[in-house]
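Report on one structure; see the data block that follows.
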Amino acid sequence: MSQRQVLQVFEQYQKARTQFVQMVAELATRPQNIETLQNAGVMSLLRPLLLDVVPTIQQTAALALGRLANYNDELAEAVVKGDILPQLVYSLAEQNRFYKKAAAFVLRAVGKHSPQLAQAIIDCGALDTLVICLEDFDPGVKEAAAWALGYIARHNAELSQAVVDAGAVPLLVLCIQEPEIALRRIAASALSDISKHSPELAQTVVDAGATAHLAQMILNPDAKLKRQILSALSQIAKHSIDLAEMVVEAEIFPVVLTCLKDKDEYVKKNASTLIREIAKHTPELSQLIVNAGGVAAVIDCIGSCKGNIRLPGIMMLGYVAAHSANLAMVVIISKGVPQLSVCLSEEPEDHIKAAGAWALGQIGKHTPEHARAVAVTNTLPVLLSLYMSTESSEDLQVKSKKAIKSILQKCTYLPALEPFLYDAPPNILKHVIGQFSKVLPHDSKARRLFVTSGGLKKLQEIKAEPGSLLQEYINIINNCYPEEIVRYYSPGYSETLLQRVDSYQPLTN
Amino acid sequence: MGKNGTRRAEAMATLARLQARSTILEHQYYFRNSVVDVFRKKENDAAVKIQSWFRGCQVRAYIRYLHRVAIIIQKWWRSYLGRQHYQLIVKLAYYTMKMNLYNAMAVRIQKRWRGYKVRKYCFNYYYLKEYLRAVSEANDAIREALDEFADMQEREEKKATLEREEKKRDYQARKMHYLLSTKQIPGIYNSPFRKDPDPWELRLQKAKPLTRQRPRVTQEHSVSLSDWLACRSARSFPQSEVLPPIDRKQCQGPFRDITEVLEQRYRPLEPTLRVAEPINELKEAREEFRRQEWMRNVNDKMFLPFSSYHKNKKYIPSMHSSSKYGPDSYGCQHFRDENPKKWICDKDFQTVLPSFDLFSKYGKSYSKAGQIV
């Protein structure tokens, strides 16, 4: 045997391994192959290949594993149970950048499925090596590591805390300052995932100085980066007043309003979410947004998009209006009410309608002037129909009922109330008639109008239990009119008149 | 006494006379009384009447008097009372007037104060109005600004797409440059039957013909990193060059063993001493030395004598020396007499050592016979 023949055996073996790994990696991209691969015992075959002498084979094996684990949580669990993770973590620290990337990809694919799997990754001690990878020179490695960390942190507060304790946050903040857009994107999303769980975690992110860097990038032309940036800022701002103020102090206004005009729908959504999260805390923060012209921008944004993108904007208007009468007035003069009523009538989904109804209720609940502004846009019948409709969800019914009630209790604009006399259920009718009983004793024109429009007639037809609140209101209204008119309009009056004709004896001489 | 006597006489006389007359008087008295008796009742009635009238008048006058007096008294009393009452009324009126004034003033003060307080602490309608106006103005401004921003973005995007299309068209023109019309053959875009050539013709005229592309050397890691991380393509995994080629077959023919050839092919560079070392080593070493010296130098300027005394002193040359004072170039710059006119070039000759190829390549290269020499 010559040396050449001996070598040939090795070459063939190496070639076969390479081919096998590459084929498996390629097959793993198609979902329909996965089950077959699993049944063929691909896991146990791939595991030794992770420790192969040839780096390419190692990398491709890791890639194949990652793709398999990415597919579903069962396979991810199989990866964990196969004790593959410690090998990966061990070699993550040692190998070249391509291998690091592949290993981080496997960790990411495993960790994304469930908190338990993410915990398993942490138990292997992967966090420290991933954090070290964040300091790598290669942006690709950094990106993969940041991605894996973000996927681990997104499950719950404990996992996030573990990521934070590993010291990832300052490095992620450094990563968002890198020139590569993809890395920035992933780092911002990881920061968003970390800060979304609790105020303490968000505070750590803020303490690392993330807000200033994030706020600087709002004007970046890349839409996907903007999405992540805005989402991270809103996740930070949502927890407490202090954090919201920190975000505001990074001078995001009025720059963030330009994002409301963006072409990308999700940028719009995240920008409105950010504004909502800031506005919901205090009247002062809402005031700040109002002064920056945020309400007008949000209203325009609501008008320019559809569906779920609108939802945060609608809620933001509700939050602003809920704080005080003046802020609600600002929403009204910014032409928010017509926009909301348009949303209420044209949106197909119940939860958006519910948000719209809630926001309208918050706007109209303050003073008669507010209620009038809401009633003038002819929103009340729409709310009533939503409340009465059997197709509406329970939440929508409750919200629209609350909105109707709170608006009606302040409304003195009688033309809007009149239709309610005819088609409202008794529990709402009570409030309507209550409003009439408050207005009519003091307004002669309205009294006259009430008679001519047939309201009084309708009122007499209402059957109220004696002694109830409704009966009391009816009595108050009846007392505003001469008795003949009341009797004239009460049902059965014509019969009594006819009876009198019957019983009348004409005088004969 | 005479006088008394007379008087007495007179009284006596008178008495006598009266006594004489008393009878007559008696008669007369009786007579007269009897005459009077007839009228006595009438007269008495008349007298009574007169008296009653008179007395009536008298009493009436008295009463009238009393009345008058009473009226006067009453008048004064009443006027007194009236004045007193009037005083009271005036006082009261003055008081009420004063109070009204005070109240009015208090109302004014309260009005101002309450207005101020409410406006300051509770609710200021005009401020609200002003604020709402300002907010709507700000809203208009921000709407305008945002519209402008969106317009700008759109314009930029449009410009970018136009540029991209333009580039594409240019590339197309370069590719189709062979369709350009010539003097002899009108190209397809320059039909002789049309008045104006097609715009493409002009574009083709401007374009530079595309040269044939050389097959580009495939880069090691041409696939972007994010691409394979996202696992979009199965082929995106980077290939390492460390692996030696496996499927190289032995070529047919009288060739050397492939490992030997490969060894020769991938043998690292082994330059000879002469190639490895620079030719102007000495110069460089000097330069290096100078640089080192300069680096270690504390002061760039040479130390000069602090006194300038010697500068003012004129040099007195020796009487025996005929030459001018000054440094002579002989011995430092040249050693022999020189005649620059006879030089063929300005530079000195560089000394270059001849090479000994034979020795440096010995045992490492092939001869013509294919054997290692």
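Heads up: the protein sequence lines correspond to chains A and B, in order. Heads up: the first sequence begins at 4 in my numbering, then just goes up one per residue. Heads up: the second sequence begins at 110 in my numbering, then just goes up one per residue. The beta carbon of each residue, even a glycine, is placed where N, CA and C say it ideally should be.
**OP:** Compare the beta carbon distance of residue 2 of chain A and residue 367 of chain A with 7 Å and say whether it is the shorter of the two.
**Re:** No answer is possible for residue 2 of chain A: it lies beyond the span of chain A, which begins at 4 and ends at 512.
Subject >> N- and C-terminal bounds of the alpha helix (DSSP H) containing residue 441 of chain B >> reply: In the second sequence, counting from the first residue as 1, residue 441 of chain B sits at position 332. Where residue 441 of chain B is concerned, there is no enclosing alpha helix (DSSP H), given that its DSSP letter is neither H nor E.
**OP:** Could you pull out every residue in the same chain whose Cβ sits closer than 7 Å to the Cβ of residue 96 of chain A, ignoring the five residues on either side in sequence?
**Re:** Locating residue 96 of chain A in the first sequence gives position 93, where the first residue counts as 1. Contacts found: 132, 135.
Original post:
By Cβ distance below 6 Å, which residues in the same chain neighbour residue 237 of chain A in space, the five residues on each side in sequence not counted?
Top reply: Start at 1 with the first residue of the first sequence, and residue 237 of chain A comes out as number 234. Excluding sequence neighbours, residue 237 of chain A sits near 276, 277, 280.
**OP:** Could you tell me the distance, in whole angstroms, from the CA atom of residue 169 of chain A to the CA atom of residue 181 of chain A?
**Re:** Taking the first residue of the first sequence as position 1, residue 169 of chain A is located at position 166. Taking the first residue of the first sequence as position 1, residue 181 of chain A is located at position 178. If I take the Cα positions, the gap works out to 21 Å.
**OP:** Go through its chain and collect everything with a Cβ distance to residue 112 of chain A's Cβ below 6 Å, but skip five positions before and after it.
**Re:** Taking the first sequence and counting its residues from 1, one reaches residue 112 of chain A at position 109. The residues are 69, 72, 73.
**OP:** Spell out whether any CB of chain B is found under 7 Å from the CB atom of residue 333 of chain A.
**Re:** Walking along the first sequence from the start, residue 333 of chain A turns up at place 330. So, interface residue.
Original post:
Is residue 252 of chain B close to chain A, meaning its C-beta is less than 7 Å from at least one C-beta of that chain?
Top reply: Position 143 of the second sequence, counting from 1, holds the residue named residue 252 of chain B. Judged by the 7 Å Cβ criterion, residue 252 of chain B is in contact with chain A.
**OP:** Would you identify the three-state DSSP class for residue 498 of chain B, choosing helix, strand or coil?
**Re:** In this structure chain B extends from 110 to 482, so residue 498 of chain B is not present and cannot be described.
Subject >> C-alpha gap between residue 360 of chain A and residue 40 of chain A, whole angstroms >> reply: For this step, residue 360 of chain A is matched to residue 357 along the first sequence. For this step, residue 40 of chain A is matched to residue 37 along the first sequence. For residue 360 of chain A and residue 40 of chain A, the distance between alpha carbons rounds to 52 Å.
Original post:
Taking 7 Å as the CB-CB cut-off, is residue 259 of chain B touching chain A?
Top reply: Your numbering for residue 259 of chain B matches position 150 in the second sequence. So yes, residue 259 of chain B belongs to the interface.
Original post:
For residue 225 of chain A, which residues of its own chain have a beta-carbon under 6 Å away from its beta-carbon, when the five flanking residues on both sides are left out?
Top reply: In the first sequence, counting from the first residue as 1, residue 225 of chain A sits at position 222. If we look at residue 225 of chain A and ignore the five residues flanking it on each side, its Cβ neighbours are 184.
Original post:
Count the other CB atoms within 10 Å of the CB of residue 1 of chain A; is the residue buried (16 or more) or exposed (fewer)?
Top reply: With chain A covering only 4 through 512, there is no way to say anything about residue 1 of chain A.
**OP:** To the nearest angstrom, report how far apart residue 2 of chain A and residue 458 of chain A are at their CA atoms.
**Re:** Residue 2 of chain A is absent from the model: chain A starts at 4 and stops at 512.
**OP:** May I ask you to report which of helix, strand or coil DSSP gives residue 499 of chain A?
**Re:** The count along the first sequence starts at 1 and reaches residue 499 of chain A at position 496. Residue 499 of chain A falls in the helix class under three-state DSSP.
Original post:
residue 322 of chain A lies in the alpha helix (DSSP H); which residues open and close that run?
Top reply: Here residue 322 of chain A corresponds to residue number 319 of the first sequence, with the count starting at 1. From DSSP, the alpha helix (DSSP H) with residue 322 of chain A extends over 314-326.
Subject >> residue 391 of chain B classed as buried or exposed, judged by whether at least 16 other C-beta atoms fall within 10 angstroms >> reply: As a first step, residue 391 of chain B must be located in the second sequence, where it is residue number 282. So residue 391 of chain B counts as exposed.
Subject >> For residue 53 of chain A, the nearest candidate out of A/410, A/6, A/509, A/20 (CA to CA) >> reply: As a first step, residue 53 of chain A is located in the first sequence; it is residue number 50 there, counting from the start. Measuring from the Cα of residue 53 of chain A, the nearest candidate turns out to be A/20.
Subject >> Exposure of residue 108 of chain A, with buried meaning 16 or more beta-carbon neighbours within 10 Å >> reply: Counting from one through the first sequence, the residue named residue 108 of chain A turns up at place 105. Result: buried.
**OP:** Name, please, each residue of chain B whose Cβ falls closer than 9 Å to the Cβ of residue 336 of chain A.
**Re:** For the purposes of this step, residue 336 of chain A is taken as the residue at position 333 of the first sequence. Residues of chain B passing the Cβ test: 241, 242, 244, 245, 248.
Original post:
Do you know offhand how far residue 217 of chain A's Cα is from residue 309 of chain A's?
Top reply: Within the first sequence, the letter at position 214 stands for residue 217 of chain A. Within the first sequence, the letter at position 306 stands for residue 309 of chain A. If you take the alpha carbons of residue 217 of chain A and residue 309 of chain A, they lie about 27 Å apart.
Original post:
In angstroms, rounded to a whole number, what distance separates the CA positions of residue 434 of chain A and residue 403 of chain A?
Top reply: The residue labelled residue 434 of chain A in the question sits at position 431 within the first sequence. The residue labelled residue 403 of chain A in the question sits at position 400 within the first sequence. About 15 Å.
**OP:** Could you list the residues in the stretch 81-98 of chain A with a C-beta less than 8 Å from some C-beta on chain C, going in chain order?
**Re:** Included in the structure are the protein chains A and B, with no chain C among them.
Original post:
Along the stretch 283-303 of chain A, what residues have a CB closer than 9 Å to any CB found in chain B?
Top reply: 293, 294, 295, 296, 297, 298, 299, 300, 302, 303
Subject >> Straight-line Cα distance separating residue 194 of chain A from residue 119 of chain A >> reply: Against the first sequence, residue 119 of chain A aligns to sequence position 116. Against the first sequence, residue 194 of chain A aligns to sequence position 191. Approximately 21 Å, taken between the alpha carbons.
Original post:
What three-state label does DSSP hand residue 232 of chain B in the structure shown?
Top reply: Reading the second sequence from its first residue, position 123 is the one you call residue 232 of chain B. Three-state result, residue 232 of chain B: coil.
Original post:
How is residue 412 of chain A classed by DSSP in three states: helix, strand or coil?
Top reply: For this step, residue 412 of chain A is matched to residue 409 along the first sequence. Three-state DSSP puts residue 412 of chain A in coil, outside helix and strand.
Original post:
If you count every other CB in all the chains shown that lies within 10 Å of the CB of residue 334 of chain B, and 16 or more means buried, which is it?
Top reply: Your numbering for residue 334 of chain B matches position 225 in the second sequence. Its pLDDT being 44, under 50, residue 334 of chain B is placed unreliably by the model, and the measurement read from it follows with that caveat. By the 10 Å Cβ count, residue 334 of chain B comes out buried.
**OP:** Evaluate the contact criterion for the stretch 498-509 of chain A versus the stretch 460-473 of chain A: three or more CB pairs, one atom per stretch, below 8 Å.
**Re:** no
Original post:
How many whole angstroms separate the CB atoms of residue 251 of chain A and residue 212 of chain A, which I take to be in contact at a CB cut-off of 8 Å?
Top reply: Position 248 of the first sequence, counted from the first residue, corresponds to residue 251 of chain A. Position 209 of the first sequence, counted from the first residue, corresponds to residue 212 of chain A. At roughly 16 Å, the Cβ-Cβ gap does not stay under 8 Å, so residue 251 of chain A and residue 212 of chain A are not in contact.
Subject >> Terminal residues of the alpha helix (DSSP H) in which residue 346 of chain A lies >> reply: Within the first sequence, numbered from 1, the residue matching residue 346 of chain A stands at position 343. Segment 339-349, the alpha helix (DSSP H) holding residue 346 of chain A.
Original post:
At which residue ranges does the stretch 29-91 of chain A contain complete alpha helix (DSSP H) runs of 4 or more residues, listed in the order of the chain?
Top reply: 34-42, 45-52, 58-74, 76-84
Original post:
Beta carbon of residue 282 of chain B, beta carbon of residue 313 of chain B: below 7 Å?
Top reply: Sequence index remark: in the second sequence, residue 282 of chain B carries index 173 (1-based). Sequence index remark: in the second sequence, residue 313 of chain B carries index 204 (1-based). For residue 282 of chain B and residue 313 of chain B, yes; Cβs fall inside 7 Å.
Subject >> Contacts of residue 482 of chain A in chain B (Cβ-Cβ under 8 Å) >> reply: By 1-based counting over the first sequence, the position of residue 482 of chain A is 479. By Cβ distance, chain B contributes nothing, its closest Cβ being about 34 Å from residue 482 of chain A, past 8 Å.
Original post:
Would the stretch 252-266 of chain A and the stretch 242-259 of chain B be scored as touching if the rule is three or more Cβ pairs under 8 Å?
Top reply: yes
Original post:
If you follow the alpha helix (DSSP H) that residue 478 of chain A is part of, which residue opens it and which one closes it?
Top reply: Stepping through the first sequence from its first residue, residue 478 of chain A is reached at position 475. Looking at the DSSP string, the run of the alpha helix (DSSP H) that includes residue 478 of chain A is 472-481.
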